[in-house]
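Data first, discussion second: the structure below is written as structure tokens.
Chains as they are written, first to last, in this note's numbering: chain A, 268 to 437; chain B, -16 to 316.
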């Protein structure tokens, strides 16, 4: 399974490499590292510490072992276990997609915390003519994907848009 | 040789197609031990009857010349009631709102103990259970392969050939007119209304296309599949339905760039969900057939996924499904 692991490191050189050591020694698959050090210091947790988010793919016992090893090494684990995006869906919305506040549509999906819009392309023929949007959404699992589809249906109904779902969707 | 006296109720394009197919396949039917003798034909203006068997070629000529075969002012139900025969080929116009004359024709046939083969969806989308119960009560055969997907064999496939499989869902393209419009919009870079005009000119769409483009026709077929394959008791009002009128060329084009296309898909699941709606289908997927073709994908527990495709409309194609139903009733094994 995929998990995200938010950890706190000292804002010093070499800290990240030592934090990743338990990941490699336990042979987990490291998918990504989000190091917030250079984002204007907004995610600095104070006291010269920075927050790093790791996305791992490993079995539960392996993750438990990594957690144990990190704690032994003095690394503070802020949050663990939130699954990262496993499911992707591409949908089409047709209608006055832009005029009905496209930013609201995107943020309502993102704000669920279980999914986010990762790609969108628009075709806008003429003003007052319907716009078509192809939207790609990632969700953390199949159940969450169903919730997102329900939300998309609600948004489409509210904004009078035609929602075209993929054939594979349950 | 088994002689089957039949009536053809409705002599529009499908009724005439049936007459042509019976002429074309006369020798084949005889080899199968079946002699179909059409003793009555009814159209909207009246009927022609000959208890010794009508000359179908002459009937077709008369229809072409005069626009009707009527020699007597009789309704289809009156023909069924009064003429001595065994089989009613019910191919009158479909009306999914009231069931139309077809509903009365079928009820009359069963009450008289006659077998019915039909392409008429209307009565089945409204009174499926009642009609089947009436047929059973009167020990009549009732076959309706032609109601779903024309020449595409789906009902008999699921009921007979795939017997023993548990079916989880059936989804597919059940309306050739919508498929034609969506295919041509992308090919011609044209709007929905432009291609609709072309489809009407070619006779692929009706002058009033509502029935097709709003998904009503596809919904009727989904209802028949739900009731036949899954033993449900659904009507057309149980279908969550969206048509294709809001689909734009731009939407098809942007999907195409993403390796997908939009098709009007009907779907029935064993949990009771019935939908007809435009769906995104990857190009190259078994359901991404073009033009007027119909296609259905059946998800089963043993056989996996089975996909069938075929011409969903056309008088000869529909008549072929009617012919196969007639043979399956009367062939002596």
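All C-beta atoms, glycine included, are put in the ideal place defined by N, C-alpha and C.
Just so we're clear, the structure is a prediction, and the values are computed from it rather than from any experiment.
Leaving out five residues on either side along the sequence, give the residues of the same chain with a beta carbon under 7 Å from the beta carbon of residue i.
i, result
"residue 36 (chain B)", "20, 21 and 22"
"residue 345 (chain A)", "273, 274, 275 and 318"
"residue 282 (chain A)", "276"
"residue 346 (chain B)", "It is not possible to answer for residue 346 (chain B), since the shown part of chain B is limited to -16 through 316."
"residue 108 (chain B)", "79, 203, 206, 207, 218 and 219"
"residue 425 (chain A)", "none"
"residue 334 (chain A)", "344 and 347"
Buried or exposed: where does residue i fall if 16 or more other Cβ atoms within 10 Å of its Cβ makes it buried?
i, result
"residue 411 (chain A)", "buried"
"residue 390 (chain A)", "buried"
"residue 4 (chain B)", "buried"
"residue 247 (chain B)", "buried"
"residue 6 (chain B)", "exposed"
"residue 136 (chain B)", "buried"
"residue 382 (chain A)", "buried"
"residue 300 (chain A)", "exposed"
"residue -16 (chain B)", "exposed"
"residue 327 (chain A)", "exposed"
"residue 90 (chain B)", "buried"
"residue 192 (chain B)", "buried"
"residue 11 (chain B)", "exposed"
"residue 268 (chain A)", "exposed"
"residue 219 (chain B)", "buried"
"residue 295 (chain B)", "buried"
"residue 374 (chain A)", "exposed"
"residue 296 (chain A)", "exposed"
"residue 144 (chain B)", "exposed"
"residue 266 (chain B)", "exposed"
"residue 301 (chain B)", "buried"
"residue 200 (chain B)", "buried"
Could you tell me whether the Cβ of residue i comes closer than 8 Å to any Cβ of chain B?
i, result
"residue 429 (chain A)", "yes"
"residue 385 (chain A)", "no"
"residue 364 (chain A)", "no"
"residue 432 (chain A)", "yes"
"residue 422 (chain A)", "no"
"residue 355 (chain A)", "no"
"residue 399 (chain A)", "yes"
"residue 439 (chain A)", "In the structure as shown, chain A starts at 268 and stops at 437, and residue 439 (chain A) therefore has no counterpart that could be examined."
"residue 361 (chain A)", "yes"
"residue 308 (chain A)", "For residue 308 (chain A), the predicted model reports a pLDDT of 40, less than 50, meaning its position is unreliable and no value from the coordinates is stated."
Cβ of residue i less than 8 Å from any chain A Cβ?
i, result
"residue 241 (chain B)", "yes"
"residue 248 (chain B)", "yes"
"residue 264 (chain B)", "yes"
"residue 234 (chain B)", "yes"
"residue 192 (chain B)", "no"
"residue 282 (chain B)", "no"
"residue 90 (chain B)", "no"
"residue 270 (chain B)", "yes"
"residue 42 (chain B)", "no"
"residue 21 (chain B)", "no"
"residue 231 (chain B)", "yes"
"residue 161 (chain B)", "no"
Between residue i and the rest of its own chain, which residues show a CB-CB distance below 8 Å, the 5 nearest in sequence each way excluded?
i, result
"residue 307 (chain A)", "Reliability fails at residue 307 (chain A), whose pLDDT of 42 lies under 50, so the model's placement of it is uncertain and no value is given."
"residue 60 (chain B)", "84, 87, 88 and 91"
"residue 273 (chain B)", "162 and 166"
"residue 212 (chain B)", "138, 141, 142, 150, 153 and 251"
Closer than 6 Å by C-beta to residue i: which residues in its own chain qualify, once you throw out the five before and the five after it? Chain order, please.
i, result
"residue 365 (chain A)", "398"
"residue 388 (chain A)", "401"
"residue 53 (chain B)", "28 and 29"
"residue 25 (chain B)", "-8, 59 and 62"
"residue -12 (chain B)", "20, 22, 68 and 69"
"residue 431 (chain A)", "359"
"residue 215 (chain B)", "209"
"residue 258 (chain B)", "223 and 250"
Measure how close the beta-carbons of residue i and residue j come, nearest whole angstrom, since I'm counting them as under 8 Å.
i, j, result
"residue 336 (chain A)", "residue 289 (chain A)", "4 Å"
"residue 160 (chain B)", "residue 188 (chain B)", "5 Å"
"residue 359 (chain A)", "residue 263 (chain B)", "6 Å"
"residue -10 (chain B)", "residue 74 (chain B)", "Incorrect: roughly 10 Å between the Cβ atoms, too far for contact."
"residue 324 (chain B)", "residue 148 (chain B)", "Chain B is shown from -16 up to 316; residue 324 (chain B) falls before or after that span and cannot be answered."
"residue 271 (chain A)", "residue 322 (chain A)", "5 Å"
"residue 450 (chain A)", "residue 233 (chain B)", "Coverage of chain A is limited to positions 268 through 437, which leaves residue 450 (chain A) absent and any answer about it impossible."
"residue 279 (chain B)", "residue 96 (chain B)", "About 33 Å separates the two Cβ atoms, so there is no contact after all."
"residue 228 (chain B)", "residue 361 (chain A)", "About 11 Å separates the two Cβ atoms, so there is no contact after all."
"residue 404 (chain A)", "residue 356 (chain A)", "5 Å"
"residue 286 (chain A)", "residue 342 (chain A)", "5 Å"
"residue 46 (chain B)", "residue -6 (chain B)", "6 Å"
"residue 105 (chain B)", "residue 277 (chain B)", "Wrong, their Cβ atoms sit about 19 Å apart, outside the cutoff."
Less than 7 Å separating the Cβ of residue i from some heavy atom of the ligand ZN?
i, result
"residue -3 (chain B)", "Looking at this structure, you won't find the ligand ZN or any other ligand, since it has none at all."
**Report entry** Inter-stretch contact at 8 Å, needing at least 3 Cβ pairs: the region 84 to 102 of chain B / the region 114 to 132 of chain B
**Finding:** Cβ pair count under 8 Å is three or more, so yes.
Query raised in the report: Touching or not, the region 166 to 186 of chain B and the region 279 to 295 of chain B, by the rule of three or more beta carbon pairs under 8 Å?
Result: Segments in contact, no.
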